[in-house]
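Numbering (the numbering used here), first residue to last: 12 to 543. All residues carry an ideal CB built from backbone N, CA and C; glycine is no exception. Shown next, in structure tokens, is the structure this report addresses.
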């Protein structure tokens, strides 16, 4: 498809945020919307393609969500326990998980727009489902959702991007692949056009646009930038998704537009990832299934045979994005996740089935240690003693609390711990602490998989318009969304809030860019009529 000489709105990036911006612009009156991506067409979707498709949103409970989903029967609905997730809940999760640092205006916009934006996406043909496989456990005959997260897209990120593509086609968005943004010049005056340079097959083309939306992702696929900003050792992180998120647009925006960098540039979303996966590029067939998020049900032990995190400190949604960093800091940047026969049936099949991961199984802890030693464990004796000491602490806690009626429940923070008056571990397991004493045993080897980076550019929360570093004022006609938006996530993030952010601010950016284009069209029409 040819590159036009001019258009109303150009969106750079084909992930969830980019498509949301493009469709929003078209719906808001932009006559010609062009979406470009430097990736080839078979890599459409950026990192959104590799997600589980989870969206965090304010809602009033099951009744509010049922009209949006396509996978709940009436008999299932009667068994579901899904309490409302309020604006206060969302705000508190952002504050607590992100060290109290999120920009308050960005956070308020994300929270207040979340429900409406989900319904807007559904209206655009995004197929939502209740996330039974990832966010619910069936306990005592009830399907209990947990962690403030219940919605996902059908077929995860793959389905999300397929639905976004279909919506873009219905709204006549022109999509151009293998085309990189290599230059940008801001308007010469507040009402002027933005001039961009697009490179395709080695040929540069100048395009004038009323609005340009940066949605090109972070720098997680760039080993040099990871080391520069995230710190030593981050060049060893495994890339979970697209190899095309390499950060050039940050440099371009900062140098050519005087955009203001903000946020947690040394922070990122990184999780436990299959150590046998390709370290440099995501697998579009396996996608998110290389994630290994069953650690709250068991233990994580490094190659020296020692635990290094409290696996039960909180629900998975609030820890998985930071535990990748913890794994990266371990010897060999790897660890072993370990379970016994009591909990291994609770692991999600899409992540832990034999077709997807190497399952290390044994009838005894000693045999398990031997097999892990053949896969990189350095100290088998410490490995076994770590588990036995953990088991002793679990037994002591049960004896001391036998009268309290505590029950193991993976859908709540159940208080089953390793800490009692007679036995306390230096590193506790705060919840879901069951003794690993029933064979057969299971282990898998994991490393750190980086998902996206947190550092980004400052925007106006109402329009997602870029803010200039020198002037402190919005840069005319230029917007920034998705992973490139900075100031929202610090150190960690509440699961599912990344896709919601991309859609919320993508929708706002597309609408603002279209309004700038249509106001220009109205001015041209008024000028023409006045001459008649």
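Taking the CB atoms as reference points, tell me whether residue i and residue j lie closer together than 9 Å.
i: residue 444; j: residue 401; result: yes
i: residue 454; j: residue 431; result: no
i: residue 240; j: residue 466; result: yes
i: residue 111; j: residue 328; result: no
i: residue 33; j: residue 179; result: yes
i: residue 490; j: residue 108; result: no
i: residue 282; j: residue 60; result: no
i: residue 447; j: residue 349; result: yes
i: residue 472; j: residue 164; result: no
i: residue 288; j: residue 249; result: yes
i: residue 198; j: residue 488; result: yes
i: residue 39; j: residue 522; result: yes
i: residue 516; j: residue 58; result: no
i: residue 223; j: residue 524; result: yes
i: residue 457; j: residue 285; result: yes
i: residue 342; j: residue 314; result: yes
i: residue 90; j: residue 152; result: yes
i: residue 148; j: residue 403; result: no
i: residue 514; j: residue 41; result: no
i: residue 263; j: residue 206; result: no
i: residue 93; j: residue 73; result: yes
Can you grab the Cα-Cα spacing for the pair residue i / residue j, in whole Å?
i: residue 182; j: residue 128; result: 18 Å
i: residue 382; j: residue 374; result: 11 Å
i: residue 8; j: residue 304; result: Residue coverage of the chain in this structure runs from 12 to 543, which leaves residue 8 outside it and unanswerable.
i: residue 482; j: residue 269; result: 9 Å
i: residue 371; j: residue 65; result: 29 Å
i: residue 30; j: residue 24; result: 8 Å
i: residue 171; j: residue 141; result: 14 Å
i: residue 319; j: residue 311; result: 7 Å
i: residue 397; j: residue 326; result: 23 Å
i: residue 160; j: residue 67; result: 6 Å
i: residue 185; j: residue 493; result: 20 Å
i: residue 324; j: residue 442; result: 6 Å
i: residue 529; j: residue 486; result: 18 Å
i: residue 353; j: residue 411; result: 22 Å
i: residue 364; j: residue 36; result: 42 Å
i: residue 616; j: residue 279; result: The structure shown does not extend to residue 616, since the chain is modelled only from 12 to 543, so the question has no answer here.
i: residue 274; j: residue 200; result: 29 Å
i: residue 188; j: residue 48; result: 5 Å
i: residue 405; j: residue 235; result: 44 Å
i: residue 75; j: residue 451; result: 43 Å
i: residue 20; j: residue 266; result: 22 Å
i: residue 202; j: residue 531; result: 8 Å
i: residue 384; j: residue 302; result: 23 Å
i: residue 297; j: residue 204; result: 42 Å
i: residue 388; j: residue 449; result: 22 Å
i: residue 345; j: residue 336; result: 11 Å
Determine which residues share a DSSP beta bridge with residue i and list them.
i: residue 459; result: 283
i: residue 350; result: 453
i: residue 21; result: 45 and 223
i: residue 164; result: 139
i: residue 65; result: 163
i: residue 185; result: 45
i: residue 263; result: Residue 263 is not bridged to any residue.
i: residue 190; result: 211
i: residue 371; result: 454
i: residue 467; result: 273
i: residue 236; result: Answer by DSSP bridge pairing: none, since residue 236 is not bridged.
Count the other C-beta atoms from every protein chain shown that fall within 10 angstroms of the C-beta of residue i, then say buried if there are 16 or more, exposed otherwise.
i: residue 435; result: exposed
i: residue 540; result: The predicted position of residue 540 is uncertain, since its pLDDT is 47 and thus under 50; no value can be drawn from it.
i: residue 366; result: exposed
i: residue 258; result: buried
i: residue 85; result: exposed
i: residue 124; result: buried
i: residue 232; result: buried
i: residue 251; result: buried
i: residue 362; result: buried
i: residue 438; result: exposed
i: residue 433; result: exposed
i: residue 175; result: buried
i: residue 414; result: exposed
i: residue 242; result: exposed
i: residue 217; result: exposed
i: residue 81; result: exposed
Assuming the contact rule is C-beta atoms closer than 8 Å, residue i and residue j should be a hit. Round their C-beta distance to whole Å, please.
i: residue 193; j: residue 215; result: 7 Å
i: residue 88; j: residue 145; result: Not a contact, Cβ separation roughly 19 Å.
i: residue 308; j: residue 358; result: 7 Å
i: residue 247; j: residue 339; result: 7 Å
i: residue 126; j: residue 70; result: 6 Å
i: residue 7; j: residue 390; result: An answer regarding residue 7 cannot be provided, because it is not within the stretch 12 to 543 covered by the chain.
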